[in-house]
Amino acid sequence: MNYPFWEIPYLGSGWVIGIIAIFHVMISQFAVGGGLYLPMAERKAMRMPEGPLRTAWLNQLASHSKFFLILTGVFGTISGVGIWFAIGLTHPEATSTLIHNFVFGWAMEWVFFIVELTTIAVYYYTWDRIDSELHLKVGWVYAGASAFTLIIINGILTFMLTPGDTWLAVAGTGQEASKFWYAFFNPTYWPSLFLRSCVCCALAGIWALITASRIDGDKQPELKTSLVKWSVKWLVPSFVATPFILIWYLWLVPASQQALLTLGIDTIGSGTFSIITRIALLIIVTSATIVGVAYFLAYRNPIDFNLSHAMAILLLALIATGAGEYAREMLRKPYVIGRWMYSNGVRVPYVARINQEGYLAHTNWVWNDSASSYSRGEAIFRGECGSCHTLAGYRPLRTLLAGRDRANIGSFITMLHEYKPDSPYRRFMPPMVGTKQDVDDLTGYLNAQVNPPQKPVLTAQK
Amino acid sequence: MSSKTIYDWVDERLGLSELAAFARHKTVPVHSQSFWYYWGGISLFLFLVQCFTGVLLLVYYRPGAEAYESVRQITFVMHFGWLIRSAHAWSASLMIFSILVHMFSVYFMKAYRKPREFGWLSGMALLGIASVFGFSGYLLPMDELSYFATKVGLQIPAAIPWIGAAIANMLRGGPDVSEFTVQRFFALHVVVLPAVFLPLLGFHLWLVQRHGNASPPSVEALPPAQRKSMPFFPNFVRKDLAMWLIALNLLALLASVFPWSLGKAYDALAPAPLGIHPEWYFMSPFEMLKLLGMIPWLQGEPGEIAGILLFTLGIALWVLIPFYDRNKESGQRARAAHYFGLLAVFALLSTTIIGYWTIR
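Protein chains in written order, with the working numbering: chain A, 18 to 479; chain B, 153 to 512.
So this is what it looks like as structure tokens:
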């Protein structure tokens with residue numbers, strides 16, 4: 018509320034982050050998993066007997082490392098900065114909290130980033146230029162540095178879902194950073210780290226299949242067969258361990274968030290199950306498909322495995338990754354930082370004060386003295402609803418409220434304002450905060466969108 | 153009794169070994185366009201999904217006056233009814249889409265040329281029947297949208313000169329869409345169309361087995377030693393299975409994340425709600441008729457007649473392409489056929505986009 022609003026019509030600002038984040042996760046997790054894949058593959062090649070297969074493996078790895086360098090070093094870093102840019106604009110309140118709490122964490126991460134970017138460049142440019150043992154060591158340094166970027170960012174990401182009681186006890190006192198390690202090693206830290214590590218390995222195999230698919234199977238059958246089969250094996254640990262880690266993860270998620278999932282599972286037969294459950298099922302189905310498709314297309318037919326097949330597997334991985342990240346976001350509802358900040362940027366302990374003094378009184382970038390109820394309603398809509406809803410597009414209020422008249426819209430907003438303990442909306446929506454006048458202004462604005470005033474009938478005039 | 157003994161017993165009577173030997177010897181060409189070979193198989197898979205989910209829906213669906221109520225029960229009361237209905241509706245759309253992709257890939261690979269003319273003709277007939285499947289199935293829930301969309305859709309056959317009105321009346325079972333129309337469409341959807349579709353599908357698949365997959369002209373021009381191929385069994389079958397898995401995954405995604413909705417029950421006396429439009433695969437002809445009607449000297453009946461004539465001519469040219477662009481010596485005709493194909497893709501895409509853009 019201390020910042021201007023960034024309104025994206027139709028798409029919604031949340032999806033701007035979502036699209037960039039899904040793209041980034043596909044690449045950054047490859048950067049971590051692939052960081053391990055490269056030295057492991059190089060070590061395997063070095064242990065092979067001298068001969069054409071060994072040389073071919075090393076040449077192929079050099080080619081793969083070029084692809085790796087460009088994809089992670091260019092697109093990974095650009096999209097990473099893109100996330101910063103987007104969250105800063107979309108959720109300045111939450112971003113501010115994260116920076117104030119985790120500035121030390123990000124400082125560490127930037128150090129590892131620099132090591133990562135430097136070593137991968139050295140790794141690529143020193144193939145056949147330095148001693149092979151030393152080259153392999155460079156690969157291991159890269160693997161370590163990239164693993165640490167995950168180890169650090171995981172603490173910050175999981176903090177947003179489960180900040181933990183210790184940090185919450187000092188939240189808002191200005192002493193938050195003193196509980197840095199408690200916030201960092203929060204309840205879901207470890208299962209999430211294992212989960213992401215598994216995904217990283219799977220993505221390393223999937224991206225390696227992209228470059229391996231380009232090998233001419235007729236000219237180099239032995240190379241293609243061995244490399245494709247070895248890369249497929251990188252998918253196995255993840256798909257064996259993931260279900261168990263997922264159960265561990267969900268077990269540690271707060272009961273209110275678990276309720277979102279169980280509500281969906283209870284009502285699955287009648288088709289009313291929550292979106293988070295649908296998405297969770299989608300992750301399971303798509304992961305199983307990836308294993309099946311990789312088995313049929315790659316493992317059993319390595320020679321014929323081509324770029325289209327590899328792209329099909331990558332596309333499935335994109336669906337699974339996108340669904341996973343979406344599910345993680347949905348699981349946080351109605352908060353953006355668990356039990357501390359609602360998804361529209363309102364801090365939980367501030368609700369009573371805003372209800373008394375008015376929403377716009379705490380909104381520095383809006384002209385508070387606007388005499389028009391419609392303008393005030395529009396500002397409240399942007400601030401309180403705009404993080405998750407658009408007027409027409411994603412979660413469109415014009416459609417969601419269609420069929421309601423002014424009184425009906427008003428009672429719905431009043432229900433969100435009262436936020437009674439038994440309200441079903443508490444599970445995924447923040448309260449509507451503000452005074453009675455704010456409720457009325459928002460009602461008027463939304464009513465004008467849902468039931469626009471009829472245009473006056475023009476009569477024919479000379 | 154060992155499994156070999158059982159196999160031998162069955163083999164002696166059904167000739168399984170011959171079938172296996174046939175599958176082993178059959179090959180599929182491998183080249184940069186091989187990707188397009190999978191679309192026929194994907195269409196077949198989606199048709200199988202249609203049969204499976206369709207039979208399950210048939211158990212609870214009641215045509216006639218209770219049509220809407222029975223679909224409401226399937227969607228909201230029966231356990232997993234929503235999933236079966238969504239899978240049926242989504243796989244119908246996906247099937248038409250994959251048949252269209254299959255058709256255009258066959259067209260641009262010139263796979264309709266000698267000796268595959270019957271493959272092309274039977275494929276076109278299958279596409280025609282599939283679209284009638286879609287049209288008849290769309291009405292069955294009898295909600296507001298399907299009712300009015302069918303009313304609008306029937307304007308196309310009704311626009312045929314002289315006999316159009318009679319055809320439309322026969323399809324409707326009266327002057328307007330009603331419960332009698334549902335009865336007729338239901339009979340068409342579950343008895344008449346499958347009875348025609350299934351043997352034709354068998355014929356089409358038999359032709360594919362008989363003539364094998366066609367290579368594009370650029371591959372055919374290569375000397376035999378440079379052409380590559382893979383065994384149909386197990387290599388191609390494994391890949392086909394992988395494609396089926398992907399199609400199933402996509403279907404699961406659409407059916408669970410975007411379940412097919414059910415609108416209000418239809419009310420013949422109510423005004424048509426805003427935004428009524430046909431299914432996406434009928435949007436192009438619908439929009440073309442609308443666009444023709446906007447030409448000043450073609451407004452009203454002349455526009456409709458011109459539209460129908462244009463469609464008939466276009467479809468006739470399209471279906472009869474094997475007799476026009478016959479072989480690799482076709483030269484100028486082959487190029488003309490190629491441009492005609494591009495024009496068809498452009499017309500379909502552009503009119504569909506304009507159609508959705510201008511929904512009111």
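Ideal placement from N, C-alpha and C gives every residue a C-beta, glycine not left out.
From residue i to residue j, what does the alpha carbon distance come to, in whole angstroms?
i      : j      : result
B:L168 : A:G97  : 58 Å
A:W265 : A:T205 : 9 Å
A:F47  : B:L393 : 28 Å
A:G93  : A:G309 : 28 Å
A:Q478 : A:S113 : At A:Q478 the pLDDT is 47, less than 50, meaning the model places this residue with poor confidence; the figure from the coordinates comes in the next sentence. Going by the C-alpha atoms only, they are around 60 Å apart.
A:F201 : A:W23  : 29 Å
B:T504 : B:F434 : 8 Å
A:P438 : A:I44  : 42 Å
A:R345 : A:V257 : 21 Å
B:V223 : B:F338 : 13 Å
B:H341 : B:S288 : 6 Å
B:L357 : B:G275 : 10 Å
Quick check: is the beta carbon of residue i nearer than 8 Å to any beta carbon in chain B?
i      : result
A:N318 : yes
A:G309 : yes
A:A409 : no
A:A329 : yes
A:R295 : yes
A:G403 : no
A:N468 : no
A:T303 : yes
A:D321 : yes
A:T416 : no
Under 8 Å by Cβ, that's how I've got residue i and residue j pegged, so tell me the actual separation to the nearest angstrom.
i      : j      : result
A:A162 : A:F197 : The pair is not a contact, with the Cβ atoms about 22 Å apart (cut-off 8 Å).
B:L441 : B:I308 : 7 Å
B:G305 : B:P215 : In fact, because the Cβ distance is near 18 Å, the residues do not count as touching under 8 Å.
A:L244 : A:A229 : 5 Å
A:V456 : A:I430 : 5 Å
A:C218 : A:P260 : 15 Å between Cβ atoms; not a contact.
B:E296 : B:P425 : 6 Å
B:D477 : B:A486 : 5 Å
Please state whether DSSP places residue i in a helix, a strand or coil.
i      : result
A:K498 : Only positions 18 to 479 of chain A appear in this structure, which leaves residue 498 of chain A out of reach.
A:K61  : helix
B:R362 : helix
A:Y359 : strand
A:I354 : strand
B:A417 : strand
A:S392 : helix
A:P413 : strand
A:V253 : helix
A:D455 : helix
B:V156 : Looking at the sequence provided, one finds Lys at residue 156 of chain B rather than Val. In this structure, B:K156 counts as helix in the three-state DSSP scheme.
B:V258 : helix
A:T303 : helix
A:K479 : Residue placement at A:K479 cannot be trusted, given a pLDDT of 42 that sits under 50; what the coordinates show is reported in the next sentence. Coil, per DSSP.
A:P238 : helix
A:M432 : helix
When the cut-off is 8 Å and only beta carbons count, does residue i lie next to chain A?
i      : result
B:N401 : yes
B:A394 : yes
B:A417 : no
B:V223 : no
B:H240 : no
B:L421 : no
B:W432 : no
B:S408 : yes
B:V344 : no
Under 8 Å Cβ-Cβ, which residues of chain B neighbour residue i?
i      : result
A:R71  : Near A:R71 there are no residues of chain B at all, since even the closest Cβ is about 28 Å away, more than 8 Å.
A:L314 : R390, K391, A394
A:L333 : I398, N401
So which residues on chain A does residue i lean against when the C-beta distance must stay under 8 Å?
i      : result
B:W234 : S287, G288
B:N387 : N318, D321
Does the distance between the C-beta of residue i and the nearest non-hydrogen atom of the ligand FAD fall short of 7 Å?
i      : result
B:D160 : No copy of the ligand FAD occurs in the structure displayed, which carries no ligand at all.
In chain B, which residues lie less than 7 Å from residue i when you measure between Cβ atoms?
i      : result
A:S325 : F187
Interface residues of chain D around residue i at Cβ under 9 Å?
i      : result
B:F228 : Here the protein chains are A and B, and chain D is not one of them.
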